[in-house]
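Input: a single structure, listed below in structure tokens.
Residue numbers (our numbering), protein chains in the order written: chain A, 1 to 311; chain B, 312 to 672.
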């Protein structure tokens with residue numbers, strides 16, 4: 001993306017925004033799900049499914065916006081599996097999430113074969129159009145805006161929406177109550193299961209969007225392994241951000257910056273092996289977690305199945 | 312009489328633990344048949360026959376396929392046991408994949424050293440794999456015990472770090488010129504292929520089987536194992552009884568990592584003879600999670616499910632020949648785990664029956 005005509009700072013900033021976007025979507029999904037008390041390790045798998053179906057929707061209809069819809073619906077469906085497993089069937093939520101991740105990987109490579117008749121990656125499809133030329137004409141910030149895509153704007157708007165819903169609406173209060181003390185919430189007539197189903201499925205919608213960002217936002221195809229741990233980095237961002245929408249977003253930007261760092265290195269010709277830059281975001285995630293866990297607190301009932309009628 | 316009763320109740324308990332994984336496998340296979348029907352446009356009956364025939368022929372149909380199945384079973388024994396030890400201590404070591412990769416690296420590096428007699432070189436290769444695996448797993452264990460960070464996320468991060476590190480070593484310092492691999496290891500570092508050079512099965516299989524017994528003894532016949540399991544069952548009760556949670560978390564991760572690293576070393580010394588650049592994960596570590604879950608983290612269960620998953624994996628080539636996408640194998644595995652995760656269904660059915668019995672009786 002970074003061509004010679006734009007300054008390094010702009011390229012770096014724009015790359016950070018682009019790379020942060022999928023993380024923000026998935027981290028917001030994590031915040032919603034875990035605030036209601038369901039751990040969702042399956043975000044990674046849901047992103048994979050979302051990324052694939054975004055491409056499939058776009059290739060079916062030639063319209064990338066339909067692809068976006070496909071990503072959202074498929075993400076919600078896979079999340080629904082996790083919801084049934086962890087809410088009604090009281091599965092170990094980590095095991096269920098891992099199962100979702102394995103399932104997503106297997107399902108998408110099967111579908112690539114079945115629907116595209118190929119292996120490893122799909123055909124190129126229509127990506128979400130973005131008016132690069134028009135954006136570039138905007139004074140001052142034009143060169144920066146030209147380097148973005150619509151997903152970046154969507155993610156940033158959704159951060160505010162999620163924050164507003166969580167903290168300023170009755171629904172948000174209920175979600176937080178269910179995640180902190182489901183029994184008390186139940187006593188007050190809140191349907192714990194219903195709220196949890198809603199939140200887990202919403203987390204699937206968000207993670208699906210995150211996946212679509214990778215496939216039809218920055219590229220125009222789906223490739224096996226393209227999500228490469230971003231769902232897990234998003235989870236770390238959520239923890240790092242103290243289970244809050246703004247905190248998780250800030251952490252996503254930090255991790256994205258670590259990924260974008262490679263651009264700087266290339267510009268200045270620093271003689272570190274590529275693998276070092278590739279590993280950097282993962283190392284940073286660990287360091288951030290080690291430095292901040294204990295200073296952040298998860299919702300009290302996070303990961304604990306609720307058993308109605310049990311004392 | 313009393314003795315007879317306990318054996319029969321033990322048998323019943325064993326049957327009870329076996330029946331749910333078996334039901335899960337059957338349901339998963341059944342769902343897989345639908346995927347085959349869809350992929351092939353066949354009816355239910357033909358799809359069932361095609362799928363099972365292809366899996367059977369690809370895994371146990373010929374003597375060659377049986378040997379190849381054993382080749383696939385071997386690494387799963389290690390990664391399955393590695394996950395089982397962590398599960399028994401209440402930990403989720405998703406990093407078995409990374410520890411396995413580090414074991415590959417250690418074995419490929421140590422195996423290059425010339426001029427060591429085989430009876431020293433082979434143990435040296437295996438021990439180096441174990442040590443580096445233990446170290447790689449002890450880091451997230453330490454972070455969990457001392458800082459309280461989630462081992463799931465840390466081990467996943469370390470999988471990626473291991474992959475990039477090993478790729479750097481393969482393409483950099485240890486590179487075989489002009490290839491995306493390390494040079495072949497010395498003959499003195501290779502594990503014996505007891506059915507001849509062309510058959511890839513090797514004594515690594517027996518090391519894995521020995522480990523099944525050793526892990527059983529460790530977990531159920533030693534104080535260390537007792538403490539690990541106590542922490543896994545109820546950490547607070549264990550601590551109240553004077554067992555250190557922190558020590559056992561780090562220990563369990565180190566043991567788990569050592570087994571995984573040994574698996575990686577055996578894979579190099581017995582099968583690959585070199586480390587090859589990774590474009591993605593090997594998958595053995597992730598399959599090991601499934602193996603341990605299906606085997607209920609019991610060494611014997613791990614052995615049985617490693618055979619099942621090894622057979623499925625080794626049949627994937629045959630599936631492709633039968634025009635069935637090989638991913639069906641991984642779908643089956645994932646669906647098995649979904650049903651294993653949903654084992655509450657079985658409990659729920661059991662409880663419902665009990666309640667009904669109480670009402671009706």
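The C-beta atom is built at its ideal place from N, Cα and C for all residues, glycine as well.
These numbers were taken from a predicted model, which means no experiment stands behind them.
Any Cβ of chain A within less than 8 Å of the Cβ of residue i?
{"i": "residue 574 of chain B", "result": "no"}
{"i": "residue 652 of chain B", "result": "yes"}
{"i": "residue 551 of chain B", "result": "no"}
{"i": "residue 313 of chain B", "result": "At residue 313 of chain B, the pLDDT of 49 sits below 50, so the modelled position is not reliable and the matter cannot be decided from this model."}
{"i": "residue 346 of chain B", "result": "yes"}
{"i": "residue 350 of chain B", "result": "yes"}
{"i": "residue 330 of chain B", "result": "no"}
{"i": "residue 444 of chain B", "result": "no"}
{"i": "residue 644 of chain B", "result": "yes"}
Would you kindly work out how many angstroms separate the C-alpha atoms of residue i and residue j, rounded to a whole number?
{"i": "residue 95 of chain A", "j": "residue 8 of chain A", "result": "43 Å"}
{"i": "residue 21 of chain A", "j": "residue 358 of chain B", "result": "43 Å"}
{"i": "residue 422 of chain B", "j": "residue 326 of chain B", "result": "45 Å"}
{"i": "residue 252 of chain A", "j": "residue 236 of chain A", "result": "9 Å"}
{"i": "residue 225 of chain A", "j": "residue 219 of chain A", "result": "14 Å"}
{"i": "residue 473 of chain B", "j": "residue 191 of chain A", "result": "44 Å"}
{"i": "residue 264 of chain A", "j": "residue 12 of chain A", "result": "7 Å"}
{"i": "residue 620 of chain B", "j": "residue 163 of chain A", "result": "45 Å"}
{"i": "residue 558 of chain B", "j": "residue 284 of chain A", "result": "26 Å"}
{"i": "residue 528 of chain B", "j": "residue 539 of chain B", "result": "13 Å"}
{"i": "residue 486 of chain B", "j": "residue 480 of chain B", "result": "7 Å"}
{"i": "residue 185 of chain A", "j": "residue 292 of chain A", "result": "30 Å"}
{"i": "residue 172 of chain A", "j": "residue 161 of chain A", "result": "11 Å"}
{"i": "residue 288 of chain A", "j": "residue 461 of chain B", "result": "12 Å"}
{"i": "residue 552 of chain B", "j": "residue 155 of chain A", "result": "50 Å"}
{"i": "residue 570 of chain B", "j": "residue 525 of chain B", "result": "11 Å"}
{"i": "residue 367 of chain B", "j": "residue 207 of chain A", "result": "38 Å"}
{"i": "residue 586 of chain B", "j": "residue 136 of chain A", "result": "48 Å"}
Can you check whether the C-beta of residue i is within less than 8 Å of a C-beta belonging to chain B?
{"i": "residue 105 of chain A", "result": "yes"}
{"i": "residue 129 of chain A", "result": "no"}
{"i": "residue 25 of chain A", "result": "no"}
{"i": "residue 229 of chain A", "result": "yes"}
{"i": "residue 299 of chain A", "result": "no"}
{"i": "residue 225 of chain A", "result": "yes"}
{"i": "residue 134 of chain A", "result": "no"}
{"i": "residue 282 of chain A", "result": "yes"}
{"i": "residue 190 of chain A", "result": "no"}
{"i": "residue 47 of chain A", "result": "no"}
{"i": "residue 258 of chain A", "result": "no"}
{"i": "residue 279 of chain A", "result": "yes"}
{"i": "residue 92 of chain A", "result": "yes"}
Does the beta-carbon distance from residue i to residue j come in below 8 Å?
{"i": "residue 389 of chain B", "j": "residue 380 of chain B", "result": "no"}
{"i": "residue 399 of chain B", "j": "residue 543 of chain B", "result": "yes"}
{"i": "residue 652 of chain B", "j": "residue 300 of chain A", "result": "no"}
{"i": "residue 575 of chain B", "j": "residue 415 of chain B", "result": "yes"}
{"i": "residue 196 of chain A", "j": "residue 87 of chain A", "result": "yes"}
{"i": "residue 391 of chain B", "j": "residue 603 of chain B", "result": "yes"}
{"i": "residue 93 of chain A", "j": "residue 231 of chain A", "result": "no"}
{"i": "residue 209 of chain A", "j": "residue 215 of chain A", "result": "no"}
{"i": "residue 75 of chain A", "j": "residue 211 of chain A", "result": "yes"}
{"i": "residue 41 of chain A", "j": "residue 104 of chain A", "result": "no"}
{"i": "residue 644 of chain B", "j": "residue 102 of chain A", "result": "yes"}
{"i": "residue 649 of chain B", "j": "residue 336 of chain B", "result": "no"}
{"i": "residue 382 of chain B", "j": "residue 617 of chain B", "result": "no"}
{"i": "residue 138 of chain A", "j": "residue 145 of chain A", "result": "yes"}
Looking at the unbroken alpha helix (DSSP H) that takes in residue i, where does it start and where does it end?
{"i": "residue 152 of chain A", "result": "150-168"}
{"i": "residue 533 of chain B", "result": "Here residue 533 of chain B belongs to no alpha helix (DSSP H), and DSSP marks it neither H nor E."}
{"i": "residue 92 of chain A", "result": "Premise fails: residue 92 of chain A is in no alpha helix (DSSP H) and is neither H nor E."}
{"i": "residue 583 of chain B", "result": "Residue 583 of chain B -> no alpha helix (DSSP H), and no H or E assigned at all."}
{"i": "residue 478 of chain B", "result": "462-482"}
{"i": "residue 27 of chain A", "result": "8-35"}
{"i": "residue 283 of chain A", "result": "274-292"}
{"i": "residue 76 of chain A", "result": "64-83"}
Taking CB distances under 8 Å as the criterion, tell me whether residue i reaches chain E.
{"i": "residue 604 of chain B", "result": "Going by chain labels, chain E is absent from the structure shown, which instead holds the protein chains A and B."}
Would the beta-carbon of residue i be found less than 7 Å away from any heavy atom of the ligand SAM?
{"i": "residue 369 of chain B", "result": "No copy of the ligand SAM occurs in the structure displayed, which carries no ligand at all."}
Item to complete: Inspect the CB distances between the stretch 577-594 of chain B and the stretch 496-507 of chain B and report whether three or more fall short of 8 Å.
Response: Segments in contact, yes.
Worksheet item: Within the chosen definition, does the stretch 159-168 of chain A reach the stretch 241-252 of chain A through at least 3 CB pairs nearer than 8 Å?
Response: yes
Worksheet item: Hey, is the stretch 125-132 of chain A in contact with the stretch 57-65 of chain A, meaning 3+ C-beta pairs nearer than 8 Å?
Response: Because the criterion of three Cβ pairs below 8 Å is met, the stretch 125-132 of chain A and the stretch 57-65 of chain A touch.
Worksheet item: On the three-pair Cβ rule with 8 Å, is the stretch 101-113 of chain A touching the stretch 38-57 of chain A?
Response: Output reads yes: the stretch 38-57 of chain A touches the stretch 101-113 of chain A.
Item to complete: Count the CB pairs spanning the stretch 198-207 of chain A and the stretch 34-48 of chain A that are closer than 8 Å, and state whether there are at least three.
Response: yes
Discussion item. Does the contact criterion of 3 or more C-beta pairs under 8 Å hold for the stretch 596-613 of chain B versus the stretch 438-451 of chain B?
Written reply: no
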